[in-house]
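Engineer: Residues 20 to 995 (our numbering) are what the sequence shown spells out, left to right.
All C-beta atoms in this analysis are idealised placements derived from N, C-alpha and C, irrespective of residue type, glycine included.
Just so you know, these numbers come straight off a predicted model, no measurement behind them.
Structure in structure tokens, see below.
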Amino acid sequence: MSSSLILFMVMRLLALLPLFYLIFAGSFSFVQPLCHDDESFALLQFKESFIINQSASHAPSAYPKVSLWRLENGDCCTWDGVRCNENTGYVISLDLSSSCLYGSIDSNASLFRLLHLQRLNLADNHFNHSQIPLGLWQLSKLTYLNLSESALSGQIPSALLQLSELVSLDLSSNPLSLQSPGLRGLAEKLTNLEQLHLVGDNITSTVPNSFANLTSLTSLLLEDCGLHGEFPSGIFQLSNLRLLDLGSNPDFSGRIPEFNRSFPLEYLSVKSTSFSGELPNSIDNLKSLSTFDVGFCHFSGSVPPSLGNLTELIELHLTFNNFKPWTLSWLHKQTKLIILDVAKTNLYGNIPFSLVNLTQVRFLQLWSNKLTGPFPSWLANLTHLTDLALGANELHGPIPTSISNLVNLQSLTLHSNHLSGTVEFDLFYNLKNLTDLELSVNNLSLLVRPNTTTPREKFKVLGLSFCGLSDFPDFLRSEDELEYLVLSQNKIHGQIPKWMWSLSKDTLQCLEMSNNFLTGFEQAPDFPPWTNLRVLDLSRKELQGSLPVPPPSIYVYYIANNMFSGEISPMICNLSLLSILKMSYNNLSGFLPGCLGNLNDLLILSLQGNNFHGSIPQMFMRGSKLRMINLNQNQLLGPMPRSLLNCTELEILDLGKNYINDTFPSWLGILPELRVLILRSNGFHGVIGEPLSNFEFPKLQILDFSNNSFKGKLPSKYFQNWQAMRIIDVDRLKYMHAIPGFQIPGRIWSARYDYQMSLTNKGIETKYWKIQDFLVAIDLSSNRFDGEIPEVVGNLKGLHMLNFSNNVLVGSIPSSLANLTNLESLDLSLNKLSGEIPSQLAELNFLAFLNVSHNRLTGRIPQGKQIVTFESSSFDENGGLCGSPSSKKCGHVGNSSLPPSTFEEKQISKSSIEFGWKVVVVGYGCGLIVGVLIGQIVISRKIDWFINTFAIDQPTRRLVNWKGRRNYIQFSKIFL
Numbered sequence: 020m021s022s023s024l025i026l027f028m029v030m031r032l033l034a035l036l037p038l039f040y041l042i043f044a045g046s047f048s049f050v051q052p053l054c055h056d057d058e059s060f061a062l063l064q065f066k067e068s069f070i071i072n073q074s075a076s077h078a079p080s081a082y083p084k085v086s087l088w089r090l091e092n093g094d095c096c097t098w099d100g101v102r103c104n105e106n107t108g109y110v111i112s113l114d115l116s117s118s119c120l121y122g123s124i125d126s127n128a129s130l131f132r133l134l135h136l137q138r139l140n141l142a143d144n145h146f147n148h149s150q151i152p153l154g155l156w157q158l159s160k161l162t163y164l165n166l167s168e169s170a171l172s173g174q175i176p177s178a179l180l181q182l183s184e185l186v187s188l189d190l191s192s193n194p195l196s197l198q199s200p201g202l203r204g205l206a207e208k209l210t211n212l213e214q215l216h217l218v219g220d221n222i223t224s225t226v227p228n229s230f231a232n233l234t235s236l237t238s239l240l241l242e243d244c245g246l247h248g249e250f251p252s253g254i255f256q257l258s259n260l261r262l263l264d265l266g267s268n269p270d271f272s273g274r275i276p277e278f279n280r281s282f283p284l285e286y287l288s289v290k291s292t293s294f295s296g297e298l299p300n301s302i303d304n305l306k307s308l309s310t311f312d313v314g315f316c317h318f319s320g321s322v323p324p325s326l327g328n329l330t331e332l333i334e335l336h337l338t339f340n341n342f343k344p345w346t347l348s349w350l351h352k353q354t355k356l357i358i359l360d361v362a363k364t365n366l367y368g369n370i371p372f373s374l375v376n377l378t379q380v381r382f383l384q385l386w387s388n389k390l391t392g393p394f395p396s397w398l399a400n401l402t403h404l405t406d407l408a409l410g411a412n413e414l415h416g417p418i419p420t421s422i423s424n425l426v427n428l429q430s431l432t433l434h435s436n437h438l439s440g441t442v443e444f445d446l447f448y449n450l451k452n453l454t455d456l457e458l459s460v461n462n463l464s465l466l467v468r469p470n471t472t473t474p475r476e477k478f479k480v481l482g483l484s485f486c487g488l489s490d491f492p493d494f495l496r497s498e499d500e501l502e503y504l505v506l507s508q509n510k511i512h513g514q515i516p517k518w519m520w521s522l523s524k525d526t527l528q529c530l531e532m533s534n535n536f537l538t539g540f541e542q543a544p545d546f547p548p549w550t551n552l553r554v555l556d557l558s559r560k561e562l563q564g565s566l567p568v569p570p571p572s573i574y575v576y577y578i579a580n581n582m583f584s585g586e587i588s589p590m591i592c593n594l595s596l597l598s599i600l601k602m603s604y605n606n607l608s609g610f611l612p613g614c615l616g617n618l619n620d621l622l623i624l625s626l627q628g629n630n631f632h633g634s635i636p637q638m639f640m641r642g643s644k645l646r647m648i649n650l651n652q653n654q655l656l657g658p659m660p661r662s663l664l665n666c667t668e669l670e671i672l673d674l675g676k677n678y679i680n681d682t683f684p685s686w687l688g689i690l691p692e693l694r695v696l697i698l699r700s701n702g703f704h705g706v707i708g709e710p711l712s713n714f715e716f717p718k719l720q721i722l723d724f725s726n727n728s729f730k731g732k733l734p735s736k737y738f739q740n741w742q743a744m745r746i747i748d749v750d751r752l753k754y755m756h757a758i759p760g761f762q763i764p765g766r767i768w769s770a771r772y773d774y775q776m777s778l779t780n781k782g783i784e785t786k787y788w789k790i791q792d793f794l795v796a797i798d799l800s801s802n803r804f805d806g807e808i809p810e811v812v813g814n815l816k817g818l819h820m821l822n823f824s825n826n827v828l829v830g831s832i833p834s835s836l837a838n839l840t841n842l843e844s845l846d847l848s849l850n851k852l853s854g855e856i857p858s859q860l861a862e863l864n865f866l867a868f869l870n871v872s873h874n875r876l877t878g879r880i881p882q883g884k885q886i887v888t889f890e891s892s893s894f895d896e897n898g899g900l901c902g903s904p905s906s907k908k909c910g911h912v913g914n915s916s917l918p919p920s921t922f923e924e925k926q927i928s929k930s931s932i933e934f935g936w937k938v939v940v941v942g943y944g945c946g947l948i949v950g951v952l953i954g955q956i957v958i959s960r961k962i963d964w965f966i967n968t969f970a971i972d973q974p975t976r977r978l979v980n981w982k983g984r985r986n987y988i989q990f991s992k993i994f995l
């Protein structure tokens, strides 16, 4: 080869050298550097500080990511959950979420040697209630930190404020508290935050206005944090905010403002807060909104039809608000809607056909409204439905057979409507996924085939009261997963069959069989076998024998209005979870077990109408939760137990119709919640003295001391102090009640227990199945009170009933009684009152009953549109009275003698009627009728016919909350 050719080739190689260098250098640069040894060791050391426990993580996809971390596996940058910087090899991201890690973590953890870490996710592990380690401040480059659901506890440390680069912080679902720093500190120091999630943490603070300065914020989740105060409305206007959840903070208030331009909000929830006001008409400017949840708040006004323009909606929750009556006519564009929950929102009218466009809907909650019309057959076109709740409305007509098309249906709630007709149970039984069925309180006649063997899901909830059943449905024999079974108000007769005791032994939580024609047990076990039973209702039957003792799991035990006899077994006292014990109107006898005081969670104790005798034991323990005690109509004697002072939550105490011998229990005046005190027909005696303070009986509004032996002057000082009797609040159409409840896995059970009492109203002893919240009454009749009626009685302006009859009162009727503008019943008969009837009484427009007979009154009877309607007997035996409605004309002199009015002769006022009922028509044009006066009846032990005939039972609501669902099922219940 010539020298010139060699020279040429050398020159070409020299020219290509830079290109080779570039190619080599470039290819070398794509080789990622290996993980640094010190960081590999730190990661392995962190792994070794925990044990792997599958129960430490709850996500279905959880697995131990660290299980393959080993030095021999080479580069740690390739380990599961680890990501390194491509240029430097430093670990910048560690994701060990749902890795089944169990153990403690502290500030010395090797994790904090990963100084280049930018993202750290340790969510869904179990760190054994460690505190958040202070060593976090060393990770100064962190932009993302997720420690949610990791069993951390204690105070959120101020060291977090040093992580100034944080963009996302999630500490949700830990028992953590936030005090120093508070929310204000987070907002002022972590100004780059885009995501702040503190769901379920214990913040207990207000939300500062400075949160409105976090302009980068896209997600703010503060559900169930104990927030209070008012939410700054400016946060709603943050231009990047997409997710906002403030729900389940009951003391947290605010209003949803108008949105005058488009905002990117996709998720907005203020459920179960005190937010109020009207929903904004401009809500449709949130065009991306997919979830809108304002359920269980205090919103009012109109439901804006502009909601109909939100076509991206997937979930709409308006339930339990006080909206004006509205319809669903605007709802037809929401073709993506999956959940529609508008229960108890004053919805009225027919269910609109436009809902047929909601082809994706699965949960349709329309219960507890005023919907009318027939059950729409076209609902069967919504074949994705899993939960359909139409209960507590006014729907009528038959249940369409087309419902059989809803093959995905799991829950169907139709109770408390006017649905009628004969229904084959197979219509529901053949829906193979149906587990919850509520048909109670309709006019249905349910036909159940003797043998039903179709393969299907087992029932969990069956509400079949008022369904015309005459026998126990045979298909129940094979149901072994029932949780709630309601067979009340049917025509089931005979004995409870033996196989009922093996029904769903491990799962049954509620069994109601009241108001049937059952006479006993085919074979009664010593203890019902249901290990998880919470509610047992066997009331209003003809069951007899000794009292069955429910299992220790019981919360509510109704066995009233039967013929059980014997003593209360001391085993009852082992039912430590019991909240309601109702054994009234049986033939039970013996002494009251003192161990009843050991039932620390007992709210309602009703033992009236039995034959208990002896003294009431000192059984009420410190910390008692009792709200109602009813021992009326027994044979109890002795003094009142002073241990009642431990019942600081007591609202109703009824010891009437016993043989209790005591003086006025002024010591009860310190009970802060006592509203009803009934001591009638006992042996109470002596003078009612003066109160020791101005604050005794602060909430007392119903007092019945009639038919005792009290003497002396009427208690004017108490009249002066009883502030609750001065309140006029007729707008509160509420009733005195308690709401016992309990939570079990997957469900929440609650029931409304309406308080009841008997009271003499308009001369007749009347049973109040409900007591209106504003009812105010005083009955001191048939005692030995003397002296004059004090003028101060006229200050008790809330009074509806006042009865001073059958005493030895003298003097005139005070004109101040004319101030009692809500008074409906006034009885001053059988005294020694004199003078004229004050003319001002004619101005009492609500007065429906007046009795001043058997006194020494004189002069003209005042003329008024109420008084002239009364019977003349209301004014009898007053020799000097004249004018209508008396038959005696004014100016006519008669020789009628004055009637006797001594205590010894007061028995002439007492009724000896012991059974039956009587309606007394008094007056006309009167306004408010006190309470829910179902009928004015003379109380007896034989009230079943009246109750069944006139349907005075009052249904109440229960809410059962499925875990993982937005479904509420109402149960009908009768509390008598």
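If you measure between the beta carbons of Ser835 and Gly817, is that distance less than 8 angstroms?
Structural biologist: Taking the first residue of the sequence shown as position 1, residue 835 is located at position 816. Taking the first residue of the sequence shown as position 1, residue 817 is located at position 798. In this structure, Gly817 does not lie closer than 8 angstroms to Ser835 by Cβ.
Engineer: Just the Cα atoms here: how many angstroms apart are Asn211 and Ala231?
Structural biologist: Mapped onto the sequence shown, residue 211 falls at position 192. Mapped onto the sequence shown, residue 231 falls at position 212. Taking the straight line from one Cα to the other gives about 13 angstroms.
Engineer: Using 8 angstroms as the limit for Cβ to Cβ distance, is Ile222 near chain C?
Structural biologist: In the structure shown, chain C cannot be found, because there is only a single protein chain.
Engineer: From what residue to what residue does the alpha helix (DSSP H) around Glu91 run?
Structural biologist: For the purposes of this step, residue 91 is taken as residue 72 along the sequence shown, with counting starting at 1. Taken as a continuous stretch (DSSP letters only), Glu91 belongs to no alpha helix (DSSP H), as it is neither H nor E.
Engineer: Assuming Asp56 is part of the alpha helix (DSSP H), what are its boundary residues?
Structural biologist: The sequence position of residue 56 within the sequence shown is 37, counting from 1. Start and end: Asp56 to Glu67.
Engineer: Does the contact criterion of 3 or more C-beta pairs under 8 angstroms hold for the stretch 152-164 versus the stretch 83-101?
Structural biologist: Flag = no, the stretch 152-164 and the stretch 83-101 do not touch.
Engineer: How many angstroms separate the CA atom of Glu531 from the CA atom of Asn605?
Structural biologist: The residue you call residue 531 lines up with position 512 of the sequence shown. The residue you call residue 605 lines up with position 586 of the sequence shown. Roughly 18 angstroms between the two C-alpha positions.
Engineer: Going straight from the alpha carbon of Asn680 to that of Ile707, what length do you get?
Structural biologist: Counted from its first residue, the sequence shown places residue 680 at position 661. Counted from its first residue, the sequence shown places residue 707 at position 688. Their Cα atoms are separated by approximately 15 angstroms.
Engineer: Leaving out the 5 sequence neighbours to the left and right, which residues in its chain are closer than 8 angstroms to Ala362 when beta-carbon positions are compared?
Structural biologist: Counting from one through the sequence shown, the residue named residue 362 turns up at place 343. The residues are Thr338, Phe339, Gln384, Leu385, Trp386, Ser387, Asn388, Ala408 and Tyr987.
Engineer: Compare the C-alpha of Leu815 against each of Gln637, Arg641 and Ala796 and name the closest.
Structural biologist: As a first step, residue 815 is located in the sequence shown; it is residue number 796 there, counting from the start. Minimum Cα distance to Leu815 is reached at Ala796.
Engineer: Nearest-angstrom Cα distance between Asp525 and Leu552?
Structural biologist: As a first step, residue 525 is located in the sequence shown; it is residue number 506 there, counting from the start. As a first step, residue 552 is located in the sequence shown; it is residue number 533 there, counting from the start. Their Cα atoms are separated by approximately 9 angstroms.
Engineer: Could you tell me whether the stretch 776-795 touches the stretch 554-564, where touching means 3 or more Cβ pairs closer than 8 angstroms?
Structural biologist: no
Engineer: Assuming Met638 and Ser662 make a contact with CB atoms under 8 angstroms, what is their CB distance in whole Å?
Structural biologist: Indexing the sequence shown from 1 puts residue 638 at position 619. Indexing the sequence shown from 1 puts residue 662 at position 643. About 6 angstroms separates the Cβ atoms of Met638 and Ser662, confirming a contact at the 8 angstroms cut-off.
Engineer: Can you check whether the CB of Phe342 is closer than 8 angstroms to the CB of Gly320?
Structural biologist: The sequence position of residue 320 within the sequence shown is 301, counting from 1. The sequence position of residue 342 within the sequence shown is 323, counting from 1. The answer is yes: Cβ separation under 8 angstroms.
Engineer: Between Ser848, Phe716, Lys730 and Arg771, which lies nearest to Lys781 when the distance is taken from Cα to Cα?
Structural biologist: What you label residue 781 is simply residue 762 of the sequence shown in a count that begins at 1. Checked all of Ser848, Phe716, Lys730 and Arg771; the closest Cα to Lys781 is Ser848.
Engineer: Ignore the nearest five residues each way along the sequence and tell me which others in Gly854's own chain have a CB closer than 6 angstroms to its CB.
Structural biologist: The residue given as residue 854 occupies position 835 in the sequence shown. Ser831, listed in sequence order.
Engineer: Just to confirm before moving on: does the CB-CB distance between Asn400 and Val375 stay below 8 angstroms?
Structural biologist: As a working note, residue 400 is residue 381 in the sequence shown. As a working note, residue 375 is residue 356 in the sequence shown. Yes, Cβ-Cβ distance for Asn400 and Val375 is below 8 angstroms.
Engineer: Sorted by chain position, which residues of the same chain lie with C-beta nearer than 6 angstroms to Tyr574's C-beta, five sequence neighbours on each side aside?
Structural biologist: Position 555 of the sequence shown, counted from the start, is the residue given in the question as residue 574. Closer than 6 angstroms at Cβ, skipping near neighbours: Arg553, Leu596, Ser598 and Phe761.
Engineer: Need the endpoints of the beta strand (DSSP E) that Leu537 sits in, please.
Structural biologist: To locate residue 537, count along the sequence shown from 1; it is residue 518. Looking at the DSSP string, the run of the beta strand (DSSP E) that includes Leu537 is Phe536 to Phe540.
Engineer: What number of angstroms, rounded off, separates the C-alpha of Trp397 from the C-alpha of Pro612?
Structural biologist: Counting from 1 along the sequence shown, the entry for residue 397 is found at position 378. Counting from 1 along the sequence shown, the entry for residue 612 is found at position 593. Straight-line Cα distance between these residues: approximately 59 angstroms.
Engineer: According to DSSP, Phe761 sits in a beta bridge with which residue or residues?
Structural biologist: The residue you call residue 761 lines up with position 742 of the sequence shown. Looking at the DSSP assignment, Phe761 forms a beta bridge with Trp768.
Engineer: One question on the structure: do Gln882 and Ser906 come within less than 8 angstroms of each other, judged by their Cβ atoms?
Structural biologist: In the sequence shown, the residue the question calls residue 882 occupies position 863. In the sequence shown, the residue the question calls residue 906 occupies position 887. The answer is no: Cβ separation not under 8 angstroms.
Engineer: Compute the beta-carbon to beta-carbon distance between Ser224 and Leu246, rounded to the nearest angstrom, for a pair I have assumed lies under 8 angstroms.
Structural biologist: The residue given as residue 224 occupies position 205 in the sequence shown. The residue given as residue 246 occupies position 227 in the sequence shown. Contact holds; Cβ gap of about 7 angstroms.
Engineer: Here's the rule: buried if 16 or more other CB atoms are within 10 angstroms of the residue's CB, otherwise exposed. What is Cys666?
Structural biologist: Within the sequence shown, the letter at position 647 stands for residue 666. The residue is buried, with at least 16 neighbouring Cβ atoms inside 10 Å.
Engineer: With distances taken from CA atoms, which of Asp125, Gln720 and Cys614 is nearest Met755?
Structural biologist: Against the sequence shown, residue 755 aligns to sequence position 736. It is Gln720.
Engineer: Rounded to the nearest angstrom, what separates Pro474 and Lys451 at their Cα positions?
Structural biologist: Along the sequence shown, read from residue 1 onward, the residue named residue 474 stands at position 455. Along the sequence shown, read from residue 1 onward, the residue named residue 451 stands at position 432. Cα to Cα, Pro474 sits roughly 7 angstroms from Lys451.
Engineer: What residue range is occupied by the uninterrupted beta strand (DSSP E) comprising Ser735?
Structural biologist: On the sequence shown, position 716 is the one that residue 735 refers to. No beta strand (DSSP E) holds Ser735; the alpha helix (DSSP H) holding it covers Ser735 to Asn740.
Engineer: Once you ignore the five residues that flank Glu670 on each side, which residues in its own chain have a CB closer than 6 angstroms to its CB?
Structural biologist: To locate residue 670, count along the sequence shown from 1; it is residue 651. These residues qualify, in order along the chain: Arg646, Glu692 and Arg694.
Engineer: Which of helix, strand or coil does DSSP assign to Thr97?
Structural biologist: Sequence index remark: in the sequence shown, residue 97 carries index 78 (1-based). Thr97: helix per DSSP, three-state reduction.
Engineer: Cutting at 7 angstroms between CB atoms, please list the residues of its own chain near Lys925, excluding the five before and the five after it.
Structural biologist: Taking the first residue of the sequence shown as position 1, residue 925 is located at position 906. Caution applies to Lys925, whose pLDDT of 38 falls short of 50 and renders its modelled position unreliable; the value that the coordinates give is listed next. Beyond the five residues adjoining it in sequence on each side, Lys925 comes within less than 7 angstroms, by CB distance, of Ser801, Asn825 and Leu849 in the same chain, given in chain order.
Engineer: Check whether the stretch 770-779 and the stretch 729-749 are in contact - that is, three or more C-beta pairs closer than 8 angstroms.
Structural biologist: no
Engineer: By Cβ distance, which residues of its chain are closer than 8 angstroms to Ser464, with the 5 residues on each side in sequence left out?
Structural biologist: Taking the sequence shown and counting its residues from 1, the one referred to as residue 464 is at position 445. Excluding residues within five positions, the ones whose Cβ falls inside 8 angstroms are Gly440, Thr441, Val442, Cys486 and Gly487.
Engineer: Could you check the C-alpha separation between Tyr737 and Pro809 for me, to the nearest Å?
Structural biologist: Position 718 of the sequence shown, counting from 1, holds the residue named residue 737. Position 790 of the sequence shown, counting from 1, holds the residue named residue 809. Straight-line Cα distance between these residues: approximately 11 angstroms.
Engineer: Which of the three DSSP states is assigned to Gly883 in this structure?
Structural biologist: The residue labelled residue 883 in the question sits at position 864 within the sequence shown. It is coil, neither helix nor strand.
Engineer: Quick one, are the C-beta atoms of Leu996 and Ile275 less than 8 angstroms apart?
Structural biologist: The requested residue 996 is not part of the displayed model; the chain covers only 20 to 995.
Engineer: Could you work out which residue in Val480, Asp264 and Lys352 is closest to Leu239 when comparing CA atoms only?
Structural biologist: In the sequence shown, counting from the first residue as 1, residue 239 sits at position 220. Of the candidates Val480, Asp264 and Lys352, the one whose C-alpha sits nearest the C-alpha of Leu239 is Asp264.
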